Ligand SMILES: Cc1cc2nc3c(=O)[nH]c(=O)nc-3n(C[C@H](O)[C@H](O)[C@H](O)COP(=O)(O)O)c2cc1C
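Numbering (our numbering), first residue to last: -1 to 221.
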């Protein structure tokens, strides 16, 4: 598989097989991903992966917080906050397409809530990763984390591993930081659930695959 093929093949996957990714494969991907570029080579990324028992304990701890009524406390405003115009519209279209693909009525608040809760079940993935960087760094440094994240997702695709990037996994940092060796100074920017895809699951059907705007909408080349 070449890079172009990996870019085309990657898509967000939200149901996984109950089969862990061998640790050496995860390590190999991280070994390659560290070659990602960053501003002044600061390499501000930090990734903490949970698997097996630790993954299950973390899910349970997050759900305990949710059930106890603890309010979400992301370090950064979530990506969907305050969207306007065409961006708001795309967000709505994305949500409606997603609900329709899995047969949820967009007005069925309970079903939408149940679906949303799957974020903190890591969509059934055998692994979840948390990406963080020093909270005192500026927004511009988040670019480095984004590049690192996409590098990992593409390397996963090359190995038949699917993933779901999740801003939602930044919203309950308490249990995550309590369980994982994330530096105190770091804030969680997002998570990444990953594993081998369950392509039979309706949530991963072709109907849930998101389209993109054509190049003319977002690019110009002037000479
Ligand atoms: C930074 C980031 C945060 C995201 N957060 C979530 C999330 O919390 N929950 C979720 O189900 N999908 C999340 N997504 C997945 C997007 O909805 C998905 O990437 C988008 O709809 C495009 O679809 P595709 O990845 O299949 O091409 C996130 C994606 C990114 C890049």
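Just so you know, even glycine gets a beta-carbon here, dropped at the ideal spot from N, CA and C. Computed from a prediction, not measured in an experiment: that's the story for all the values here.
Under three-state DSSP, which class holds residue i?
{"i": "residue 101", "result": "coil"}
{"i": "residue 193", "result": "strand"}
{"i": "residue 49", "result": "strand"}
{"i": "residue 170", "result": "coil"}
{"i": "residue 66", "result": "coil"}
{"i": "residue 217", "result": "coil"}
{"i": "residue 74", "result": "coil"}
{"i": "residue 84", "result": "helix"}
{"i": "residue 24", "result": "helix"}
{"i": "residue 110", "result": "helix"}
Note down, in chain order, each residue of its chain lying with its Cβ closer than 8 Å to the Cβ of residue i, except the 5 sequence neighbours on either side.
{"i": "residue 62", "result": "173"}
{"i": "residue 260", "result": "The chain is shown from -1 up to 221; residue 260 falls before or after that span and cannot be answered."}
{"i": "residue 55", "result": "177"}
{"i": "residue 133", "result": "73, 183, 184 and 185"}
Closest by CA to residue i, which one among the options?
{"i": "residue 27", "options": "141, 84, 153 and 44", "result": "153"}
{"i": "residue 129", "options": "43, 25 and 86", "result": "43"}
{"i": "residue 184", "options": "203, 139 and 208", "result": "139"}
{"i": "residue 204", "options": "57, 100 and 119", "result": "100"}
{"i": "residue 137", "options": "39, 220 and 187", "result": "187"}
{"i": "residue 25", "options": "115, 49, 119 and 166", "result": "49"}
{"i": "residue 76", "options": "180, 170, 220 and 200", "result": "170"}
{"i": "residue 116", "options": "19, 167 and 148", "result": "167"}
Suppose you measure from the CA of residue i to the CA of residue j; what does that come to, to the nearest Å?
{"i": "residue 7", "j": "residue 21", "result": "23 Å"}
{"i": "residue 2", "j": "residue 150", "result": "15 Å"}
{"i": "residue 141", "j": "residue 17", "result": "32 Å"}
{"i": "residue 52", "j": "residue 213", "result": "43 Å"}
{"i": "residue 208", "j": "residue 15", "result": "22 Å"}
{"i": "residue 216", "j": "residue 84", "result": "12 Å"}
{"i": "residue 0", "j": "residue 218", "result": "26 Å"}
{"i": "residue 105", "j": "residue 92", "result": "15 Å"}
{"i": "residue 36", "j": "residue 165", "result": "21 Å"}
Using a Cβ-Cβ cutoff of less than 7 Å, which residues in the same chain neighbour residue i once the five nearest sequence positions on both sides are dropped?
{"i": "residue 102", "result": "109, 110 and 113"}
{"i": "residue 135", "result": "42"}
{"i": "residue 158", "result": "194"}
What distance in whole Å lies between the Cβ atoms of residue j and residue i, which are believed to be in contact at a cut-off of 8 Å?
{"i": "residue 127", "j": "residue 193", "result": "The Cβ separation is near 11 Å, so there is no contact."}
{"i": "residue 146", "j": "residue 31", "result": "6 Å"}
{"i": "residue 47", "j": "residue 125", "result": "6 Å"}
Please go through the same chain and pick out, in chain order, the residues whose beta-carbon is closer than 6 Å to the beta-carbon of residue i, but skip the five residues on each side of it.
{"i": "residue 190", "result": "127, 161 and 163"}
{"i": "residue 59", "result": "173"}
{"i": "residue 97", "result": "104"}
Between residue i and ligand 2, is the CB less than 7 Å from at least one heavy atom?
{"i": "residue 141", "result": "Questions concerning ligand 2 fall outside what the structure shown contains, since the ligands it does hold are ligand 1."}
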